[in-house]
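What follows is a single structure, written as structure tokens, with notes after it.
There are 2 protein chains.
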Amino acid sequence: MARRNWLAMAAEEAARRILARSGDPPVRIVLPTGVAVEPRGAQPRFTLSIRTWRALAAMLIDPESGFAENYASGAAEVDGPLAGFCDEIYRCCPWPRSGRGVAGLLSRYLDWTQSRSVRGAKANIHRHYDLGNEFYRLWLDEEMLYTCAFFPREDATLEEAQQAKMERVARKLALQQDERVAEAGCGWGAFALYIARHYGCRVRAFNISEEQIAWARRRARELGLEGRVEFVLDDYRNITGSYDVFASIGMLEHVGKDHYRELGEVIRRTIGDRGRGLLHFIGRSSPAPLSAWIRKRIFPGAYAPALSEMLPLLEAGDYRVADVENLRSHYARTLRCWRERFEAAGPQVRRMFSEEFARAWKLYLAGSEAAFHSGSLQLYQVLFAGPRCTRALWTREGEQQAQLRAAGGA
Amino acid sequence: MARRNWLAMAAEEAARRILARSGDPPVRIVLPTGVAVEPRGAQPRFTLSIRTWRALAAMLIDPESGFAENYASGAAEVDGPLAGFCDEIYRCCPWPRSGRGVAGLLSRYLDWTQSRSVRGAKANIHRHYDLGNEFYRLWLDEEMLYTCAFFPREDATLEEAQQAKMERVARKLALQQDERVAEAGCGWGAFALYIARHYGCRVRAFNISEEQIAWARRRARELGLEGRVEFVLDDYRNITGSYDVFASIGMLEHVGKDHYRELGEVIRRTIGDRGRGLLHFIGRSSPAPLSAWIRKRIFPGAYAPALSEMLPLLEAGDYRVADVENLRSHYARTLRCWRERFEAAGPQVRRMFSEEFARAWKLYLAGSEAAFHSGSLQLYQVLFAGPRCTRALWTREGEQQAQLRAAGGA
Chain A
191 MARRNWLAMA
201 AEEAARRILA
211 RSGDPPVRIV
221 LPTGVAVEPR
231 GAQPRFTLSI
241 RTWRALAAML
251 IDPESGFAEN
261 YASGAAEVDG
271 PLAGFCDEIY
281 RCCPWPRSGR
291 GVAGLLSRYL
301 DWTQSRSVRG
311 AKANIHRHYD
321 LGNEFYRLWL
331 DEEMLYTCAF
341 FPREDATLEE
351 AQQAKMERVA
361 RKLALQQDER
371 VAEAGCGWGA
381 FALYIARHYG
391 CRVRAFNISE
401 EQIAWARRRA
411 RELGLEGRVE
421 FVLDDYRNIT
431 GSYDVFASIG
441 MLEHVGKDHY
451 RELGEVIRRT
461 IGDRGRGLLH
471 FIGRSSPAPL
481 SAWIRKRIFP
491 GAYAPALSEM
501 LPLLEAGDYR
511 VADVENLRSH
521 YARTLRCWRE
531 RFEAAGPQVR
541 RMFSEEFARA
551 WKLYLAGSEA
561 AFHSGSLQLY
571 QVLFAGPRCT
581 RALWTREGEQ
591 QAQLRAAGGA
Chain B
191 MARRNWLAMA
201 AEEAARRILA
211 RSGDPPVRIV
221 LPTGVAVEPR
231 GAQPRFTLSI
241 RTWRALAAML
251 IDPESGFAEN
261 YASGAAEVDG
271 PLAGFCDEIY
281 RCCPWPRSGR
291 GVAGLLSRYL
301 DWTQSRSVRG
311 AKANIHRHYD
321 LGNEFYRLWL
331 DEEMLYTCAF
341 FPREDATLEE
351 AQQAKMERVA
361 RKLALQQDER
371 VAEAGCGWGA
381 FALYIARHYG
391 CRVRAFNISE
401 EQIAWARRRA
411 RELGLEGRVE
421 FVLDDYRNIT
431 GSYDVFASIG
441 MLEHVGKDHY
451 RELGEVIRRT
461 IGDRGRGLLH
471 FIGRSSPAPL
481 SAWIRKRIFP
491 GAYAPALSEM
501 LPLLEAGDYR
511 VADVENLRSH
521 YARTLRCWRE
531 RFEAAGPQVR
541 RMFSEEFARA
551 WKLYLAGSEA
561 AFHSGSLQLY
571 QVLFAGPRCT
581 RALWTREGEQ
591 QAQLRAAGGA
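Chains as they are written, first to last, in the working numbering: chain A, 191 to 600; chain B, 191 to 600.
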């Protein structure tokens, strides 16, 4: 047997450490030397090729960010479906691990630099949501919903599932004609327009993404809904007026733990103790920071809370939680739809941005799909009502609603 | 005008203070002098007669406990339906108020003396649940379920609603033939027997009430289910063995905040990261101690947590919350059924115990009905699954289950 040199032996040891720190997934690592390191125990289901020494060093220091950065640049490559690969990693490492070593330092550095103040939030949101409406049109549904859909049937299309999600939220809230609704973080405005059109609500919808608000205002004009829906380019902390309902679909992730109290105060100020509301957000099964790479490259300042972290913002106003639904499997499905469309639009994305951007976003979509599929992330809808709210809230397929009415209130 | 004496004037002032501290409910107070003090603003809907100076003083010092103690003794009387009276009080005072003055001292004193240690819990549970099976048979359903029922239709009987509740919990948990279930706090054993009979589960059910366990064991023999259900007279902290499912219906209220961590450890020890479970319990919309009078006279050591207080016990094991349902209107309805049966059994209860006992328990049932009806108390069912659980959990009328299966996991 030929005597291997020191560098080759060190590289193999590094690969074994990377696998061990990732919970020993069934992954074969092919090193820059061309040598393959097999996983312990299990048969390999995926092959990860690490093409440069620098990439290997980065993954040894911080497996997650190291892999992601180098996948984006092409210095790391996965043989086989990327979402399946990520799923395998999440299943081997189901417990959130962070706060230690270089990964922990990076995490704390991001936490410190990506402020969620009014000014910081503007910069964070601008970086993600103002990449251009043309870009998002390539892979979202026609009405540009960029949050978890609800698939009422196995063969529902993304378009149908996004409509079903809006209908589901509207029914949970038991919206009525002419009710005043405040929406915090309205994206491209689809939900605000939906409830104005189908439920006759009067909506003020807030968002700090300029591109999204411009799009939403144009849609409102096209649909002749300008009289019912006002799109306001402003921070949720500046919501004024009084409302019957507070809704927020996919904004809490951007609020940050240190601002939940402020959000709670905004809710109290807008709907008081007679109103009701719904928060739809990406959460966790236990407190942990979001992937540092995601915060560095994709969602600056984002945080996915455990229920116990976000519920005090409602409890401070004595809001009663009527219902919590976990739609994580629906989000995995939604993300699969987005990723498939995104991959089909690969050439356009590369033209608009770069190969590296396209690979980073493919990883973000595949990794998110895997995170929801494996249960590393959750999608919660929390329905709540003020202490003096008299509206019966819909929860379980109508059956419950009738029951609640009969028994006198939500 | 005749000059009123000092005592009469002081009594009227006391009545006005009692009303103000209770949020100015539409209640007329008739004093020991015979003088009536009208409520501010609203027309009176109820008349509260305070018959002794001592009762008036007690209510001035602590309106809630003062009223309850004196209602039980007959020194205070309410003209009109008691549950409606309590409902009115809760609606005028929707925010939990405590921790101040004499009421706060009493609350802290009870907290300190009514320990929830293994030994303390035994004493607490004995005081309530060992009052005699004959007593509870007078007003519970035939199978002796002493927790919130689920009314599938408006005209469902209590018996039907209790069966529907057990079926609902079993379906949420997606129980299968031969699965091992640990039940903590099994009451008279109805749920353990139900899932053994209808789902073929193998159940070990724990309880520290001797009277209840004796009853449950006899029922198991009568039904020929001794081979499938074992009733164990022991504390939840001593549950041994490994199980697929952990269920607890109406025990968390007795665990106490200071022992949630222990309960979380018991869950992890029994179902690990592959199991699933359900906690059904009385909760609050925001953290506050339970009524001091209830703890003093009815449920020693009880505490109804806000969701944010109890969820960390699941989060510590990275259990994923699949679903939270708030059934408070169903509990109001359940309590109404119990109270009506209890009132009909008044003569027997007075013979078994005393007039004062019967009045105290009538107040406990009517007050609880009002607390759930007005939303001062909540009834939560929290469904959860371990990070490696592969069972699809039923949440929304089967629709969700099919969806979850399609998307790959709970």
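Virtual Cβ for every residue (Gly too), placed ideally from N, Cα, C. Bear in mind that the values here come from a model prediction, so they are computed numbers and not experimental data.
{"query": "Would you list the residues sitting across from E373(B) in a DSSP beta bridge?", "result": "A395(B) and A437(B)"}
{"query": "Which of the residues in the segment 483-510 of chain A, read from start to end, lie with their CB under 9 Å from any CB of chain B?", "result": "A496, L497, S498, E499, M500, L501, P502, L504, E505, A506, G507, D508, Y509 and R510"}
{"query": "Which whole-angstrom value describes the C-beta separation of C338(A) and L553(A), a residue pair presumed to lie in contact below a C-beta threshold of 8 Å?", "result": "Not a contact, Cβ separation roughly 19 Å."}
{"query": "For G507(A), does the count of other Cβ atoms within 10 angstroms reach 16, so buried, or fall short, so exposed?", "result": "buried"}
{"query": "Quick check: is the beta carbon of G565(B) nearer than 7 Å to any beta carbon in chain A?", "result": "yes"}
{"query": "Can you confirm whether the segment 463-478 of chain A touches the segment 431-443 of chain A when touching is taken to mean that 3 or more C-beta pairs between the two stretches lie within less than 8 Å?", "result": "yes"}
{"query": "Please classify G351(A) as buried or exposed, where buried requires at least 16 neighbouring CB atoms within 10 angstroms.", "result": "Correcting the residue identity first, residue 351(A) is Ala in this sequence and not Gly. By the neighbour-count rule (16 or more Cβ atoms within 10 Å), A351(A) is buried."}
{"query": "Give me the chain B residues within the contact set of D513(A), using Cβ-Cβ distance strictly less than 9 Å, ordered along the chain.", "result": "D513, V514, E515 and N516"}
{"query": "Please report the straight-line C-alpha distance between H316(B) and F381(A), rounded to a whole angstrom.", "result": "54 Å"}
{"query": "Kindly give me the distance between the Cβ atoms of Y509(B) and S475(A), rounded to whole angstroms, as I take these residues to be in contact under 8 Å.", "result": "6 Å"}
{"query": "T237(B) bridges to which residues according to DSSP?", "result": "R218(B) and D269(B)"}
{"query": "Using only CA atoms, which one of P342(A), G264(A), S519(A) and Q367(A) lies nearest to S558(A)?", "result": "S519(A)"}
{"query": "Using the beta-carbon of each residue, which ones in chain A are nearer than 7 Å to Q568(B)?", "result": "R510"}
{"query": "Whole angstroms is fine: what's the gap from I251(B)'s alpha carbon to L480(B)'s?", "result": "18 Å"}
{"query": "Evaluate N260(B) with the Cβ neighbour count: other Cβ atoms within 10 Å of its Cβ, from every protein chain shown; 16 or more gives buried, anything less gives exposed.", "result": "buried"}
{"query": "Would you tell me roughly how many angstroms separate the C-alpha atoms of A596(A) and V514(B), rounded to the nearest one?", "result": "Summary for A596(A): the model assigns pLDDT 39, below 50, so the residue's position carries little reliability; its value from the coordinates is reported in the next sentence. Using only the alpha carbons, I get a separation of about 21 Å."}
{"query": "Enumerate in chain order the residues of its own chain whose CB-to-CB distance from R531(A) is below 6 Å, with the five nearest sequence positions on each side excluded.", "result": "W329"}
{"query": "With DSSP collapsed to three states, give me the class of E420(A).", "result": "strand"}
{"query": "Is S475(A) close to chain B? Criterion is C-beta to C-beta, closer than 7 Å.", "result": "yes"}
{"query": "Roughly how many angstroms lie between the CA atoms of G264(B) and C391(B), to the nearest whole one?", "result": "49 Å"}
{"query": "Near L504(A), what residues of its chain come up, given a Cβ to Cβ distance below 6 Å and the 5 sequence neighbours on each side ignored?", "result": "F574"}
{"query": "Where are the beta strand (DSSP E) runs, 3 residues long or more, that stay fully inside the segment 554-584 of chain A, in chain order?", "result": "568-575"}
{"query": "Tell me whether V511(B) sits in a helix, a strand or coil according to DSSP, three-state version.", "result": "strand"}
{"query": "Of the residues that make up the segment 259-279 of chain A, which ones have a beta carbon closer than 7 Å to any beta carbon in chain B?", "result": "none"}
{"query": "Going by alpha carbons, who is nearest to A482(A) out of R523(A), G291(A) and R409(A)?", "result": "G291(A)"}
{"query": "What residue does the alpha helix (DSSP H) around G291(B) start on, and which one ends it?", "result": "G291 to T303"}
{"query": "Report the start-end ranges of each alpha helix (DSSP H) in the segment 460-521 of chain B that is 4 residues or longer and not cut off at the edges.", "result": "497-505"}
{"query": "Spatial neighbours of E499(B) within its chain, please: C-beta separation below 7 Å, excluding the five flanking residues on both sides.", "result": "K447 and P477"}
{"query": "Around the Cβ of P215(B), are there at least 16 other Cβ atoms within 10 angstroms (buried) or fewer (exposed)?", "result": "buried"}
{"query": "Is G467(A) close to chain B? Criterion is C-beta to C-beta, closer than 7 Å.", "result": "no"}
{"query": "If you run the structure through DSSP and keep just helix, strand and coil, what is V225(B)?", "result": "coil"}
{"query": "Which residues in the same chain as A556(B) place their Cβ atom closer than 7 Å to its Cβ, once the five residues preceding and following it in sequence are excluded?", "result": "L272, A273, C276 and R529"}
{"query": "Comparing C-alpha positions only, which one of A512(A), G491(A), A560(A) and P495(A) sits nearest to S307(A)?", "result": "G491(A)"}
{"query": "Buried or exposed for N195(B), going by 16 or more other Cβ atoms inside 10 Å?", "result": "exposed"}
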